[in-house]
DNA sequence: CTGAAAGCGCTTACAG
DNA sequence: CTGAAAGCGCTTACAG
């Protein structure tokens with residue numbers, strides 16, 4: 008009943024053999040006489056020896072771990088992505104350090120560099136920052152990074168994105184096909200890559216249908232309850248109010264639904280990004296779904312590909328498709344009393 | 008532009024000083040002449056040196072990391088808990104390895120021992136297994152473990168639980184107060200500690216009200232769509248059907264809502280565990296809320312307390328309260344055509 | 001088949 | 001103020 012952990016040295020001493028012989032047994036290297044192996048195994052069992060992986064990996068120059076930087080581990084998008092990364096990492100006998108940047112570039116940088124200081128084998132980053140120059144020395148030194156959901160700034164690296172523009176365009180075209188001409192876009196802060204990309208898709212759909220782009224029908228800001236309340240009041244009021252809403256992500260959609268419950272209007276609605284219970288709401292919510300697990304899986308696979316081989320090859324960008332799921336809210340006609 | 012990372016040795020050579028002097032500068036130990044410090048800083052900058060934390064920590068006998076074993080990182084309960092653990096760990100300059108057991112004892116054990124092999128400073132575990140004997144040597148060797156949401160089996164360790172029985176009793180008493188006498192309990196698999204504890208609370212409430220316990224109104228099984236469909240068909244049918252439902256966790260509640268949408272009955276409903284959009288559904292869902300973030304925070308604080316001091320002291324058990332949030336579904340009266 | 005030495009990149013304990 | 005040596009717990013490269 009020793010308080011400290013036994014080491015290979017302790018095992019070697021007890022078994023009466025050299026350190027290297029213990030190492031051979033532990034690593035199943037063969038070329039150890041059955042008799043010696045027996046004695047070593049007995050010593051291992053008696054002492055309760057378990058190899059220190061950290062020490063082993065230090066000698067081998069890797070850590071069998073990767074760092075994952077997310078916006079917020081607690082967010083469904085992030086946590087589903089995390090789980091997918093975990094599965095791929097497990098297949099490569101690697102562990103995952105995960106952390107939240109809270110959309111703060113300073114925190115992103117701190118977290119990422121903390122992972123680098125631990126010498127993680129590689130990084131997967133949902134970037135919040137406006138520059139990633141700070142990563143250049145790390146990448147040059149052999150720590151590859153893969154960016155997910157948003158591209159890096161100022162540097163070249165493997166990136167996995169969603170077809171934001173195409174998905175948004177599909178969503179808005181769907182509303183147009185159901186007769187709407189006054190369609191509001193409620194998106195997240197314009198500093199967020201995906202918010203701007205989805206705005207572009209919204210505009211492309213309007214243009215393709217010959218509808219005017221009316222800035223008073225758009226709102227791009229962090230989806231706080233208050234901001235969404237004011238935005239809804241604005242786009243649903245006036246002479247020519249919106250009859251349909253396109254919500255830029257599921258945080259926005261949820262807030263919109265919450266505020267809409269307090270109002271009389273029942274505009275048609277399509278959300279970007281699926282969410283639990285979308286199918287149970289009344290009406291069920293039509294969405295353009297992305298696949299956060301597939302984002303995570305693809306990013307992790309790209310990373311382990313780099314780690315396994317071509318470390319300096321050209322950076323790849325993968326763009327994943329979205330999928331329209333009509334459920335009811337997106338097929339509502341123009342409500343009486345509103346619109347043309 | 009070297010491909011390998013520079014080490015302190017490289018810095019020392021370039022600055023023309025001893026290794027220990029570089030260490031002094033890096034650690035801000037003082038007692039270095041300004042002139043020497045200057046040269047060292049210049050060398051560090053020139054080489055882009057960043058200390059290898061793993062090597063430093065090996066020498067110091069810790070890893071400044073903890074292991075977190077969850078049921079499923081992607082589950083909202085787990086991911087909110089994870090985020091809270093992350094925040095406490097950050098304050099202690101520690102990183103978090105997180106992994107999912109999928110409610111599989113073998114996977115729990117593998118994951119936990121993998122963390123121990125990396126010599127994490129401590130463990131936080133939402134246990135799936137029926138025995139935790141395997142942890143005894145690890146705990147003896149100085150890796151403390153804190154259990155969350157469910158107690159460990161076969162061993163003594165710090166534990167953070169929710170008042171499952173009290174919360175369940177409150178939920179059922181609430182339904183009784185609204186006139187219900189036929190109340191079904193739909194819970195998770197009976198092998199799960201919390202499912203059984205909540206069943207006990209359900210029974211205690213019935214007994215306190217002088218209502219009979221009718222086993223045909225209970226269902227304890229993993230909440231698959233099919234199992235819930237059958238269970239609902241059973242408890243809502245017959246001569247004396249249930250007029251109210253008590254759902255044992257939010258996975259059950261969500262499935263129940265999904266199936267209920269396809270049926271004509273509108274029983275009253277209270278769920279254990281809050282969930283996003285519970286307030287937006289029609290009717291809004293009454294719940295007994297627990298606080299997953301507080302669970303994570305408390306567990307992490309207990310762990311760092313152990314790490315900071317009294318490592319062998321008596322194991323503590325903390326029990327967190329629940330909170331009834333009436334929203335509508337739990338206040339529905341007995342529906343016409345059902346009940347007495 | 002076996003082991004002593006050197007090394008992974010740092011810190012600790014000691015000596016000057 | 002400064003540095004050479006030993007050590008954290010392993011593996012690698014080498015010699016027998």
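Chains as they are written, first to last, in our numbering: chain Z, 8 to 347; chain H, 8 to 347. Just so it is clear, CB atoms sit at the ideal spot from N, CA and C, and this is done for glycine as well. Just so you know, these numbers come straight off a predicted model, no measurement behind them.
- For residue 274 of chain Z, no chain H residue has a Cβ inside 9 Å of its Cβ, as the nearest lies near 16 Å away.
- Taken atom to atom, the span from the alpha-carbon of residue 190 of chain H to that of residue 326 of chain H is near 27 Å.
- With the rule of 3 Cβ pairs closer than 8 Å, the region 111-120 of chain H does not count as touching the region 88-100 of chain H.
- Around the C-beta of residue 22 of chain Z, 16 or more other C-beta atoms lie within 10 Å, and the residue is accordingly described as buried.
- Taking a beta-carbon distance threshold of 9 Å, residue 70 of chain Z counts as an interface residue toward chain H.
- Residues of chain Z whose Cβ lies closer than 7 Å to the Cβ of residue 236 of chain H do not exist, since the nearest Cβ in that chain is about 14 Å away.
- Fully enclosed alpha helix (DSSP H) runs of no fewer than 4 residues occupy 143-147, 171-184 of the region 136-197 of chain H, in order along the chain.
- By a beta-carbon distance limit of 8 Å, residue 126 of chain Z does not contact residue 34 of chain H. Their separation comes to about 18 Å.
- Taken through DSSP and simplified to helix, strand or coil, residue 282 of chain Z comes out as coil.
- Looking at the DSSP output, residue 330 of chain Z shares a beta bridge with Z:296.
- Bridge pairing for residue 74 of chain H: H:104, H:130 [DSSP].
- Of the candidates Z:245, Z:46, Z:156, Z:226, Z:226 places its Cα closest to the Cα of residue 260 of chain Z.
- Using a Cβ-Cβ distance cut-off of 8 Å, the region 292-309 of chain H and the region 165-177 of chain H are in contact, since at least three pairs of beta carbons, one from each stretch, lie closer than that value.
- Sequence-distant Cβ neighbours of residue 163 of chain H in its own chain, meaning closer than 6 Å and more than five residues away, are 322.
- Below the 7 Å Cβ cutoff, chain Z contributes 81 as neighbours of residue 87 of chain H, in chain order.
- Around the C-beta of residue 220 of chain Z, fewer than 16 other C-beta atoms lie within 10 Å, and the residue is accordingly described as exposed.
- Shown here is that no member of the region 240-254 of chain H has a Cβ falling below 8 Å from a Cβ of chain Z.
- Chain-order list of chain H residues neighbouring residue 206 of chain Z: empty, with the shortest C-beta distance near 25 Å, by a criterion of under 7 Å.
- Beta-bridge annotation (DSSP): residue 253 of chain Z is paired with Z:192, Z:277.
- Unbroken alpha helix (DSSP H) stretches of 4 residues or longer found wholly inside the region 219-263 of chain Z: 232-242, given in chain order.
- Between residue 283 of chain Z and residue 235 of chain Z a beta carbon distance of about 20 Å is seen, past the 8 Å cut, so the two are scored as non-contacting.
- The count of Cβ pairs closer than 8 Å, one atom from the region 138-145 of chain H and one from the region 85-94 of chain H, stays below three, leaving the stretches out of contact.
- Under the three-state reduction of DSSP output, residue 32 of chain Z falls in the helix class.
- Cα atoms of residue 286 of chain Z and residue 292 of chain Z: separation of roughly 6 Å, rounded to the nearest angstrom.
- Bounds of the alpha helix (DSSP H) holding residue 61 of chain Z are 60-67.
- Among the residues facing chain Z, residue 67 of chain H is not included, as its CB has no counterpart in that chain under 9 Å away.
- With the criterion set as a beta carbon lying under 7 Å from some beta carbon of chain H, the region 290-307 of chain Z has no members that meet it.
- Listed along the chain, the chain Z residues whose CB falls inside 8 Å of the CB of residue 107 of chain H are 90, 93.
- Around the CB of residue 240 of chain H, fewer than 16 other CB atoms lie within 10 Å, so the residue is classed as exposed.
- Excluding its 5 nearest sequence neighbours in each direction, residue 137 of chain H has C-beta neighbours in its own chain below 7 Å: 112, 160, listed in chain order.
- In the structure shown, residue 324 of chain H falls within a strand segment according to DSSP collapsed to helix, strand and coil.
- In this structure, residue 104 of chain Z keeps its C-beta atom at 9 Å or more from the C-beta atom of residue 171 of chain Z.
- Apart from sequence neighbours up to five positions away, the residues of its chain that approach residue 213 of chain Z with a beta-carbon distance below 6 Å are 220, ordered along the chain.
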